[in-house]
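Chains as they are written, first to last, in this note's numbering: chain Y, 1 to 279; chain S, 1 to 279.
In this text, a Cβ means the ideal position worked out from N, Cα and C, and glycines have one as well.
If you're wondering where the values come from, they're calculated on a predicted model, not measured in any experiment.
Since the structure comes first, as structure tokens, the remarks are kept for the end.
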């Protein structure tokens, strides 16, 4: 396994593989890899001849008061996990190479970027859209893999690829969870013991929503209210949003229907967690 | 020569050529081809194995009150010129395929898009940046050719390709002119006889600036004032801007230096013309 820092070298390696007719599978990450990432990496490995994982804590997707500096960086551990998972190249560029001082170009996805998390993290999805476009151009994979945990990101990336006529195929893989239901996230590392318990509010409220829907409830605001009550009972929890939206255009739905997405973002102490459920 | 309307077919043709190791040269145009376009097309043909010209009057780069509807569309004539010039494929997509109703993704280049013409045509360069990104992804050429006549566009396209790590190489070719100096432009077709004479104000004022600089003048505002006087003497002329800027970052320069760009946009009657000179 190689760890490649140079953008140019990464491009050359990809071209070399493609010229041999080998398909490239790509998993873009910010590192601090957990089983969720590893499930993407394993799928990418199975379905392709050459396996690239990028590790890049992308500054343009963090707001000024967000956790860019604090975000966990554990390259050695990540490299070991990648090696075990059969990764061929870790692409690990510098922020300076990705965004030189005269950098000016951004990819914007209207509406979808302003919904849900976009309201609370202005500029976040512009940063995501831009870095993903750059990474896809550098690595030029046949397949790229993302997690359903970041539901809005997944919708936006599909949209960019379609709208900008990029040739990559996108696969969205299911959210992995701890046994007690907590969605895997690198940010779970921030939680202390009490917060770890309160963090269950997210997955529990989604399970509650699922149960209510199974019982025949369809009114979004009633379901959201029940979810809100459950989460508010957790001492360290503060809700950014709970929303029931169309799974494709992310517009709010008054009634739960066949292709709804229930999404929420909740602060647990100083840690912002997200989770979602597709109906 | 094929005329290809389908985006998917164009992508397949390009992939086929690339898999045979053939290099693709690409000239994106809005049609109404003149000698300026043809000089790009000939260069692209000489320097590559496979030659693609796109003809697409891109709606997203026209403002509401601009000449989108009026813009000349002469496919048959263009096709004849392309055929004679050895073009392999004219890519001639529909606006509906390029921008389906749920289209949402735009490429933005900060600062560079707001300078010069950007002030007078808000959204124009966003449209240009977006369509060029799309076309480059669809055609995936080795080389793409643009004219220096659209100086700001050329700077912006170079920037996108660098910033988004696109693999295409960009060549900017010199402005072609009529014998009397008028820069070739599809929009020259709009001019009546009187306006055609007044339109010489643009190239004449650039020649005047060149002479002044040769005489040792370096003060930008003095040079611009002389240019302005010359153009104001033309009855049908109304100046949008005359500017002396850094040729790379498009920021105004107080003194003409080694890498300056003198650029101007002037309305001649109802026709907006641009021209420029690199020092």
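Asked	Found
Is residue 199/Y helix, strand or coil by DSSP?	coil
List the DSSP bridge partners of residue 255/S.	219/S
Contact defined as beta carbons within less than 8 Å: I believe residue 236/S pairs with residue 198/S. What is the distance between those atoms, to the nearest angstrom?	5 Å
Just the C-alpha distance for residue 153/S and residue 64/Y, rounded to the nearest angstrom, thanks.	32 Å
Under a three-way DSSP split, which group does residue 25/S fall into?	strand
By the 10 Å Cβ neighbour count, where 16 or more other Cβ atoms means buried, how is residue 270/S classified, buried or exposed?	exposed
Please report the residue range of the beta strand (DSSP E) in which residue 78/S lies.	Premise fails: residue 78/S lies in the alpha helix (DSSP H), 75-84, not in any beta strand (DSSP E).
Taking its Cβ as the centre, do 16 or more other Cβ atoms sit within 10 Å of residue 122/Y, making it buried, or is it exposed?	exposed
Return the Cβ separation of residue 53/S and residue 29/S in integer angstroms, given the expectation that the two are a contact with Cβ distance under 8 Å.	6 Å
Can you tell me whether DSSP reads residue 54/Y as helix, strand or coil?	strand
Give the DSSP-derived three-state secondary structure of residue 102/S in the structure shown.	coil
Can you find at least 3 beta carbon pairs, one from the segment 138-149 of chain Y and one from the segment 86-104 of chain S, that sit closer than 8 Å?	no
On a CA-only basis, which of 261/Y, 240/Y, 256/Y is nearest residue 247/Y? Give me that one, please.	261/Y
According to DSSP, is residue 39/S part of a helix, a strand, or is it coil?	helix
Write down the C-beta distance between residue 135/Y and residue 202/Y rounded to the nearest angstrom, noting that I regard them as a contact closer than 8 Å.	That belief does not hold up - the Cβ atoms of residue 135/Y and residue 202/Y are roughly 28 Å apart, past 8 Å.
Taking residue 278/Y as the reference, give the member of 209/Y, 230/Y, 226/Y, 241/Y with the closest Cα.	209/Y
According to the neighbour-count rule (16 or more other Cβ atoms, all chains shown, within 10 Å of its Cβ), is residue 61/Y buried or exposed?	buried
CA-CA distance, residue 1/S and residue 170/S?	24 Å
Note down, in chain order, each residue of its chain lying with its Cβ closer than 8 Å to the Cβ of residue 82/S, except the 5 sequence neighbours on either side.	1, 33, 41, 53, 90
From the beta carbon of residue 246/Y, is the nearest beta carbon of chain S less than 8 Å away?	no
For the alpha helix (DSSP H) containing residue 249/S, name the first residue and the last one.	Taken as a continuous stretch (DSSP letters only), residue 249/S belongs to no alpha helix (DSSP H), as it is neither H nor E.
Are any of the Cβ atoms in chain S nearer than 8 Å to that of residue 116/Y?	no
Within its chain, find whatever has a CB closer than 8 Å to the CB of residue 182/Y; leave out the 5 residues flanking it on each side and keep chain order.	188, 196, 199, 200, 202, 203
Grouping DSSP H, G and I as helix and E and B as strand, with all else coil, what is residue 176/Y?	coil
What three-state label does DSSP hand residue 190/Y in the structure shown?	helix
Any contact between the segment 174-181 of chain Y and the segment 14-29 of chain Y? By contact I mean 3 or more CB pairs, one from each, below 8 Å.	no
Quick one: residues in its chain with C-beta nearer than 6 Å to the C-beta of residue 139/Y, no 5 flanking neighbours on either side, listed in chain order?	14, 26, 52
CB residue 11/S to CB residue 107/Y, shorter than 8 Å?	no
What residues of chain S sit near residue 109/Y, judged by a beta carbon separation below 9 Å?	104, 105, 106
What does residue 58/S touch in chain Y if you count any residue whose Cβ is under 7 Å from its own?	Ordered by position in chain Y, no residue passes the 7 Å Cβ test against residue 58/S, which lies about 14 Å from the chain.
By how many angstroms is the C-alpha of residue 256/S removed from the C-alpha of residue 224/S?	11 Å
I'd like to know if residue 167/S contacts chain Y, where contact means its C-beta is closer than 8 Å to some C-beta of that chain.	yes
Given a threshold of 16 other Cβ atoms within 10 Å of its Cβ, counted over all protein chains shown, does residue 265/Y qualify as buried or as exposed?	buried
Give the interface partners of residue 29/S over in chain Y, defined as CB-CB distance under 8 Å, in chain order.	Those within 8 Å of residue 29/S in chain Y number zero; the least Cβ separation is about 18 Å.
In terms of alpha-carbon separation, which member of 211/S, 66/S, 31/S, 109/S lies closest to residue 77/S?	31/S
Given a threshold of 16 other Cβ atoms within 10 Å of its Cβ, counted over all protein chains shown, does residue 222/Y qualify as buried or as exposed?	exposed
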